[in-house]
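Structure first, then comments.
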Amino acid sequence: MREILLHVTRSHINKVDFFKHLPESILIRVVAHLKSEIYLPGDVIISAGSSGYCMFFIYHGIVAVYTPLGREVKV
């Protein structure tokens, strides 16, 4: 099961420079902690000022970033 999960997520993880050159043993540990979540249009993924405890990979779709005043931040 671990090998299947690694294979499925490797192409996404390898797009992130930080993970690109890590040994497979470390990638396996990272993949073991990945959790899939689905967000719908208009959902808030994280709010400004929240404590960061995770990293988000966007596999499909578009994400907008807004200031606390509701202005969109161009990224």
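For reference, each letter of the sequence shown is one residue, going 1 to 75 in the UniProt record's numbering. For each residue, glycine too, the CB sits at the ideal point set by N, CA and C.
For the pair residue 67 and residue 48, the Cα-to-Cα distance works out to about 7 Å.
DSSP, read as helix, strand or coil, puts residue 37 in coil. 7 Å or more divides the Cβ of residue 7 from the Cβ of residue 57. The beta carbon of residue 27 sits closer than 8 Å to those of 6, 10, 13 and 19, all from its chain and outside the five residues before and after it, given in chain order. Straight-line spacing of the CA atoms in residue 29 and residue 37 works out to 19 Å.
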